[in-house]
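J.: In our numbering, the protein residues as written are 5 to 325.
Note that the Cβ used here is the ideal one computed from N, Cα and C, for glycine as well.
Since the model is a prediction, treat every value here as computed from it, not as a measurement.
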(Lines of atoms letter the chains of each structure in order from A; the text may use other names.)
(Lines give C-alpha, C1' and ligand atoms only; values in the text may rest on other atoms or scores of the structure.)
Protein backbone atom coordinates (compact mmCIF):
# COMPACT_ATOMS: atom_id res chain seq x y z
CA UNK A 5 0.00 0.00 0.00
CA UNK A 6 1.39 3.44 -0.96
CA UNK A 7 2.10 5.81 1.90
CA UNK A 8 0.38 9.22 1.67
CA UNK A 9 2.59 12.26 1.18
CA UNK A 10 3.31 14.20 4.40
CA UNK A 11 1.72 17.66 4.27
CA UNK A 12 5.10 19.41 4.01
CA UNK A 13 6.00 17.21 1.03
CA UNK A 14 2.77 18.11 -0.78
CA UNK A 15 3.96 21.69 -1.20
CA UNK A 16 7.27 20.55 -2.67
CA UNK A 17 5.50 18.13 -4.99
CA UNK A 18 3.09 20.85 -6.12
CA UNK A 19 6.02 23.11 -6.91
CA UNK A 20 7.60 20.34 -9.00
CA UNK A 21 4.25 19.73 -10.70
CA UNK A 22 3.87 23.42 -11.55
CA UNK A 23 7.29 23.58 -13.21
CA UNK A 24 6.80 20.31 -15.11
CA UNK A 25 3.32 21.43 -16.26
CA UNK A 26 4.73 24.76 -17.42
CA UNK A 27 7.72 23.27 -19.26
CA UNK A 28 5.99 20.00 -20.28
CA UNK A 29 9.37 18.38 -19.79
CA UNK A 30 10.86 16.51 -16.83
CA UNK A 31 14.37 17.33 -18.08
CA UNK A 32 13.83 21.11 -18.32
CA UNK A 33 11.91 21.13 -15.02
CA UNK A 34 14.78 19.35 -13.28
CA UNK A 35 17.23 21.94 -14.62
CA UNK A 36 15.03 24.80 -13.35
CA UNK A 37 14.63 23.17 -9.95
CA UNK A 38 18.34 22.23 -9.72
CA UNK A 39 17.56 18.57 -8.96
CA UNK A 40 17.83 15.34 -10.91
CA UNK A 41 15.23 14.24 -13.41
CA UNK A 42 14.64 11.15 -11.28
CA UNK A 43 13.83 13.30 -8.25
CA UNK A 44 11.26 15.26 -10.25
CA UNK A 45 9.67 12.08 -11.61
CA UNK A 46 9.46 10.70 -8.05
CA UNK A 47 7.73 13.88 -6.84
CA UNK A 48 5.12 13.69 -9.60
CA UNK A 49 4.53 9.97 -9.02
CA UNK A 50 3.99 10.50 -5.28
CA UNK A 51 1.67 13.45 -5.93
CA UNK A 52 -0.44 11.43 -8.36
CA UNK A 53 -0.64 8.61 -5.81
CA UNK A 54 -1.55 11.07 -3.06
CA UNK A 55 -4.37 12.53 -5.19
CA UNK A 56 -5.45 9.20 -6.63
CA UNK A 57 -5.47 10.49 -10.22
CA UNK A 58 -3.25 10.99 -13.25
CA UNK A 59 -1.96 14.48 -13.93
CA UNK A 60 0.02 13.76 -17.11
CA UNK A 61 -0.29 11.62 -20.20
CA UNK A 62 3.15 10.28 -20.97
CA UNK A 63 4.33 9.01 -24.35
CA UNK A 64 7.71 8.29 -25.85
CA UNK A 65 8.23 11.86 -27.06
CA UNK A 66 5.53 14.06 -25.53
CA UNK A 67 4.16 14.99 -22.17
CA UNK A 68 0.65 16.47 -21.94
CA UNK A 69 -1.64 17.38 -19.10
CA UNK A 70 -4.84 15.52 -18.35
CA UNK A 71 -7.98 17.59 -17.90
CA UNK A 72 -7.59 17.46 -14.11
CA UNK A 73 -3.89 18.18 -14.46
CA UNK A 74 -4.71 21.29 -16.50
CA UNK A 75 -7.20 22.44 -13.86
CA UNK A 76 -4.61 22.00 -11.10
CA UNK A 77 -1.97 23.82 -13.19
CA UNK A 78 -4.21 26.86 -13.63
CA UNK A 79 -4.80 27.06 -9.89
CA UNK A 80 -1.11 26.61 -9.03
CA UNK A 81 -0.11 29.28 -11.53
CA UNK A 82 -2.32 31.77 -9.69
CA UNK A 83 -1.08 30.57 -6.30
CA UNK A 84 2.62 30.92 -7.14
CA UNK A 85 2.07 34.25 -8.87
CA UNK A 86 0.22 35.64 -5.84
CA UNK A 87 2.87 34.21 -3.52
CA UNK A 88 5.70 35.88 -5.45
CA UNK A 89 3.79 39.17 -5.44
CA UNK A 90 3.21 39.16 -1.68
CA UNK A 91 6.81 38.16 -0.98
CA UNK A 92 7.99 41.07 -3.13
CA UNK A 93 5.60 43.40 -1.32
CA UNK A 94 6.79 42.22 2.10
CA UNK A 95 10.41 42.80 1.09
CA UNK A 96 9.73 46.30 -0.26
CA UNK A 97 10.56 49.11 2.19
CA UNK A 98 7.54 51.00 3.50
CA UNK A 99 9.12 54.43 3.00
CA UNK A 100 7.87 56.37 -0.06
CA UNK A 101 10.11 56.45 -3.10
CA UNK A 102 11.56 59.96 -3.23
CA UNK A 103 11.54 61.29 -6.81
CA UNK A 104 13.04 64.67 -7.64
CA UNK A 105 11.85 65.91 -11.02
CA UNK A 106 11.97 68.97 -13.26
CA UNK A 107 8.69 70.82 -12.53
CA UNK A 108 7.21 71.07 -16.04
CA UNK A 109 8.02 67.43 -16.86
CA UNK A 110 6.50 66.39 -13.55
CA UNK A 111 3.30 68.35 -14.21
CA UNK A 112 2.69 67.62 -17.89
CA UNK A 113 4.18 64.16 -18.42
CA UNK A 114 4.93 62.19 -15.27
CA UNK A 115 2.00 63.04 -13.00
CA UNK A 116 -0.72 62.06 -15.53
CA UNK A 117 0.93 58.65 -15.86
CA UNK A 118 1.45 57.95 -12.16
CA UNK A 119 -2.09 56.59 -11.78
CA UNK A 120 -1.04 53.65 -13.93
CA UNK A 121 2.03 53.02 -11.78
CA UNK A 122 0.00 53.27 -8.56
CA UNK A 123 -2.52 50.77 -9.91
CA UNK A 124 0.19 48.29 -10.90
CA UNK A 125 2.35 48.72 -7.80
CA UNK A 126 0.16 49.84 -4.89
CA UNK A 127 2.82 48.66 -2.41
CA UNK A 128 5.38 51.19 -3.75
CA UNK A 129 4.27 54.64 -2.54
CA UNK A 130 5.76 57.57 -4.44
CA UNK A 131 6.63 61.06 -3.20
CA UNK A 132 7.18 63.39 -6.15
CA UNK A 133 9.08 66.63 -5.51
CA UNK A 134 9.34 69.22 -8.29
CA UNK A 135 12.71 70.98 -8.09
CA UNK A 136 14.31 73.67 -10.25
CA UNK A 137 17.89 73.37 -9.15
CA UNK A 138 20.66 71.14 -10.38
CA UNK A 139 20.85 67.72 -8.80
CA UNK A 140 22.35 67.83 -5.30
CA UNK A 141 24.62 64.77 -5.21
CA UNK A 142 24.92 64.99 -1.42
CA UNK A 143 21.13 64.77 -1.10
CA UNK A 144 21.24 61.76 -3.38
CA UNK A 145 24.00 60.11 -1.34
CA UNK A 146 22.20 60.74 1.97
CA UNK A 147 19.06 59.08 0.65
CA UNK A 148 16.77 62.12 0.62
CA UNK A 149 16.43 61.50 -3.11
CA UNK A 150 16.08 57.98 -4.55
CA UNK A 151 15.51 58.95 -8.20
CA UNK A 152 16.07 62.21 -10.04
CA UNK A 153 14.84 63.23 -13.50
CA UNK A 154 16.41 66.30 -15.05
CA UNK A 155 16.11 68.13 -18.37
CA UNK A 156 19.47 69.45 -19.54
CA UNK A 157 22.23 68.91 -22.12
CA UNK A 158 25.14 68.24 -19.76
CA UNK A 159 26.94 65.00 -18.98
CA UNK A 160 26.82 63.52 -15.49
CA UNK A 161 30.21 62.14 -14.50
CA UNK A 162 29.83 61.92 -10.72
CA UNK A 163 26.64 59.80 -10.56
CA UNK A 164 25.13 56.87 -12.41
CA UNK A 165 22.91 58.44 -15.08
CA UNK A 166 21.19 57.33 -18.27
CA UNK A 167 19.44 59.17 -21.06
CA UNK A 168 15.76 58.54 -20.48
CA UNK A 169 14.02 60.40 -23.30
CA UNK A 170 15.10 62.67 -26.13
CA UNK A 171 13.14 65.82 -26.87
CA UNK A 172 11.91 67.92 -29.80
CA UNK A 173 10.85 71.58 -29.69
CA UNK A 174 8.11 73.17 -31.80
CA UNK A 175 6.01 76.37 -31.60
CA UNK A 176 2.48 75.94 -30.22
CA UNK A 177 -0.59 78.12 -29.83
CA UNK A 178 -4.32 77.71 -29.45
CA UNK A 179 -6.31 77.09 -32.66
CA UNK A 180 -8.15 80.38 -32.21
CA UNK A 181 -4.92 82.35 -31.85
CA UNK A 182 -3.47 80.77 -35.00
CA UNK A 183 -6.64 81.46 -37.00
CA UNK A 184 -7.01 85.04 -35.77
CA UNK A 185 -3.38 85.92 -36.56
CA UNK A 186 -3.39 84.59 -40.14
CA UNK A 187 -1.19 85.02 -41.98
CA UNK A 188 1.29 84.42 -39.16
CA UNK A 189 4.29 86.73 -39.22
CA UNK A 190 7.06 85.87 -36.82
CA UNK A 191 8.06 89.50 -36.24
CA UNK A 192 4.55 90.45 -35.09
CA UNK A 193 3.65 87.35 -33.08
CA UNK A 194 4.14 87.66 -29.32
CA UNK A 195 6.66 85.00 -28.30
CA UNK A 196 6.48 83.17 -24.96
CA UNK A 197 9.68 81.82 -23.42
CA UNK A 198 10.90 79.53 -20.68
CA UNK A 199 13.76 81.84 -19.72
CA UNK A 200 15.90 79.06 -18.23
CA UNK A 201 14.99 75.57 -19.45
CA UNK A 202 18.11 74.33 -17.65
CA UNK A 203 20.62 75.98 -15.34
CA UNK A 204 22.83 78.31 -17.34
CA UNK A 205 20.81 78.13 -20.55
CA UNK A 206 21.35 81.11 -22.90
CA UNK A 207 18.56 83.68 -23.09
CA UNK A 208 15.81 82.80 -25.56
CA UNK A 209 17.79 79.67 -26.46
CA UNK A 210 14.85 77.49 -27.56
CA UNK A 211 13.32 80.09 -29.87
CA UNK A 212 16.80 81.02 -31.12
CA UNK A 213 17.58 77.39 -31.96
CA UNK A 214 14.28 76.91 -33.78
CA UNK A 215 14.56 80.14 -35.81
CA UNK A 216 18.18 79.51 -36.79
CA UNK A 217 17.25 76.04 -38.00
CA UNK A 218 14.29 77.22 -40.07
CA UNK A 219 14.99 80.81 -41.14
CA UNK A 220 18.36 81.56 -42.74
CA UNK A 221 17.58 85.23 -43.31
CA UNK A 222 15.88 86.12 -40.01
CA UNK A 223 16.81 89.70 -39.02
CA UNK A 224 14.42 90.58 -36.23
CA UNK A 225 15.32 90.91 -32.55
CA UNK A 226 13.78 88.15 -30.47
CA UNK A 227 11.59 89.41 -27.64
CA UNK A 228 8.39 88.54 -25.82
CA UNK A 229 7.37 87.39 -22.37
CA UNK A 230 9.66 85.28 -20.21
CA UNK A 231 8.69 82.78 -17.52
CA UNK A 232 10.69 80.66 -15.12
CA UNK A 233 8.76 77.53 -16.09
CA UNK A 234 7.81 76.07 -19.42
CA UNK A 235 4.44 75.29 -17.82
CA UNK A 236 3.81 79.01 -17.33
CA UNK A 237 4.69 79.81 -20.93
CA UNK A 238 2.33 77.08 -22.11
CA UNK A 239 -0.36 78.36 -19.75
CA UNK A 240 0.01 81.80 -21.30
CA UNK A 241 -0.32 80.29 -24.78
CA UNK A 242 -3.50 78.53 -23.68
CA UNK A 243 -4.87 81.94 -22.69
CA UNK A 244 -4.32 83.19 -26.27
CA UNK A 245 -1.45 85.45 -25.22
CA UNK A 246 1.04 84.34 -27.87
CA UNK A 247 3.04 81.44 -29.29
CA UNK A 248 5.14 79.34 -26.92
CA UNK A 249 8.05 77.10 -27.78
CA UNK A 250 6.74 73.69 -26.80
CA UNK A 251 8.60 70.56 -25.85
CA UNK A 252 6.84 67.51 -27.24
CA UNK A 253 6.68 65.70 -23.90
CA UNK A 254 4.93 68.72 -22.40
CA UNK A 255 2.49 69.53 -25.22
CA UNK A 256 1.63 66.10 -26.63
CA UNK A 257 -1.58 65.64 -24.59
CA UNK A 258 -2.78 69.18 -25.36
CA UNK A 259 -2.16 68.61 -29.07
CA UNK A 260 -4.17 65.37 -28.95
CA UNK A 261 -7.04 67.12 -27.18
CA UNK A 262 -7.00 70.00 -29.68
CA UNK A 263 -6.28 72.64 -27.03
CA UNK A 264 -2.99 73.45 -28.78
CA UNK A 265 -1.88 73.28 -32.40
CA UNK A 266 1.40 73.62 -34.33
CA UNK A 267 0.85 76.94 -36.17
CA UNK A 268 4.17 76.78 -38.04
CA UNK A 269 4.70 73.00 -38.19
CA UNK A 270 8.28 71.68 -38.17
CA UNK A 271 9.86 70.33 -34.99
CA UNK A 272 13.60 70.25 -34.39
CA UNK A 273 15.68 68.18 -31.95
CA UNK A 274 16.23 69.97 -28.64
CA UNK A 275 19.68 70.53 -27.18
CA UNK A 276 18.63 68.93 -23.91
CA UNK A 277 17.18 65.55 -23.02
CA UNK A 278 15.60 63.95 -19.94
CA UNK A 279 18.14 62.18 -17.76
CA UNK A 280 17.47 59.48 -15.14
CA UNK A 281 19.71 59.35 -12.07
CA UNK A 282 19.32 56.64 -9.41
CA UNK A 283 20.77 56.45 -5.91
CA UNK A 284 20.69 52.67 -5.51
CA UNK A 285 19.68 50.46 -8.43
CA UNK A 286 19.57 47.48 -6.04
CA UNK A 287 16.69 49.06 -4.11
CA UNK A 288 13.60 47.06 -5.06
CA UNK A 289 11.42 50.20 -5.21
CA UNK A 290 13.90 51.95 -7.51
CA UNK A 291 14.10 48.93 -9.76
CA UNK A 292 10.32 48.62 -10.04
CA UNK A 293 9.81 52.32 -10.78
CA UNK A 294 12.66 52.73 -13.28
CA UNK A 295 11.58 49.65 -15.25
CA UNK A 296 8.04 51.04 -15.42
CA UNK A 297 9.39 54.48 -16.38
CA UNK A 298 11.54 53.13 -19.23
CA UNK A 299 8.53 51.25 -20.61
CA UNK A 300 6.37 54.39 -20.45
CA UNK A 301 9.05 56.46 -22.18
CA UNK A 302 9.45 53.90 -24.97
CA UNK A 303 5.67 53.88 -25.50
CA UNK A 304 5.51 57.67 -25.52
CA UNK A 305 8.45 57.94 -27.93
CA UNK A 306 6.58 55.79 -30.47
CA UNK A 307 3.43 57.92 -30.11
CA UNK A 308 5.38 61.17 -30.39
CA UNK A 309 7.37 60.05 -33.41
CA UNK A 310 4.18 59.06 -35.20
CA UNK A 311 2.78 62.54 -34.52
CA UNK A 312 5.96 64.19 -35.79
CA UNK A 313 5.86 62.14 -39.01
CA UNK A 314 2.51 63.73 -39.85
CA UNK A 315 3.96 67.26 -39.75
CA UNK A 316 5.15 69.10 -42.87
CA UNK A 317 8.90 69.00 -43.50
CA UNK A 318 8.98 72.75 -44.09
CA UNK A 319 7.78 75.63 -41.96
CA UNK A 320 4.25 76.72 -42.89
CA UNK A 321 2.93 80.28 -43.36
CA UNK A 322 6.00 81.89 -41.81
CA UNK A 323 7.09 85.45 -42.63
CA UNK A 324 9.82 87.56 -41.06
CA UNK A 325 9.87 90.70 -43.21
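#1: For the pair the segment 61 to 71 and the segment 23 to 30, tell me if three or more CB-CB distances fall below 8 Å.
#2: Does residue 172 come out as helix, strand or coil in the three-state DSSP assignment?
#3: If you draw a straight line from the C-alpha of residue 225 to the C-alpha of residue 124, how long is it?
#4: Please go through the segment 12 to 71 and give each complete beta strand (DSSP E) segment of 3 or more residues, from N-terminal end onward.
#5: Which partner residues does residue 309 have in the DSSP bridge list?
#6: Does DSSP put residue 273 in a helix, in a strand, or in coil?
#7: Starting from residue 239 and walking both ways along the alpha helix (DSSP H), at which residues does that stretch end?
#8: Cβ-heavy atom distance between residue 78 and the ligand FAD below 7 Å?
#9: Taking DSSP as the reference, what is the three-state secondary structure of residue 303?
#10: Which two residues bound the contiguous alpha helix (DSSP H) that contains residue 155?
#11: Which residues bound the beta strand (DSSP E) around residue 231?
#12: Taking the beta carbon of residue 270 as the centre, do at least 16 other beta carbons fall within 10 Å, making it buried, or is it exposed?
#13: Between which two residues does the alpha helix (DSSP H) holding residue 264 run?
#14: Closest to residue 48 by C-alpha separation, out of 60, 38, 39 and 37, would be which residue?
#15: Which residue marks the beginning of the alpha helix (DSSP H) containing residue 180, and which one marks its end?
T.: A quick look at the data gives this:
#1: yes
#2: Sequence index remark: in the chain shown, residue 172 carries index 168 (1-based). Residue 172: strand per DSSP, three-state reduction.
#3: Counting from one through the chain shown, the residue named residue 225 turns up at place 221. Counting from one through the chain shown, the residue named residue 124 turns up at place 120. So the alpha carbons of these two residues sit roughly 50 Å apart.
#4: 60 to 62 and 67 to 69
#5: What you label residue 309 is simply residue 305 of the chain shown in a count that begins at 1. Answer is none; residue 309 lacks a bridge partner.
#6: One-based indexing of the chain shown puts residue 273 at position 269. Reduced to three states, the DSSP call for residue 273 is strand.
#7: In the chain shown, the residue the question calls residue 239 occupies position 235. Where residue 239 is concerned, the enclosing alpha helix (DSSP H) stretches over 234 to 242.
#8: By its list of ligands, the structure shown contains no ligand whatsoever, and the ligand FAD lies outside what it can speak to.
#9: Indexing the chain shown from 1 puts residue 303 at position 299. Note: residue 303 maps to helix in three-state DSSP.
#10: Residue 155 sits at position 151 when you count from the first residue of the chain shown. Premise fails: residue 155 lies in the beta strand (DSSP E), 151 to 156, not in any alpha helix (DSSP H).
#11: To locate residue 231, count along the chain shown from 1; it is residue 227. Residue 231 -> beta strand (DSSP E) spans 229 to 231.
#12: For the purposes of this step, residue 270 is taken as residue 266 along the chain shown, with counting starting at 1. With 16 or more other Cβ atoms within 10 Å, it is buried.
#13: In the chain shown, counting from the first residue as 1, residue 264 sits at position 260. Premise fails: residue 264 is in no alpha helix (DSSP H) and is neither H nor E.
#14: The residue given as residue 48 occupies position 44 in the chain shown. If we check each option's Cα against that of residue 48, 60 comes out closest.
#15: To locate residue 180, count along the chain shown from 1; it is residue 176. Its alpha helix (DSSP H) spans residues 179 to 184.
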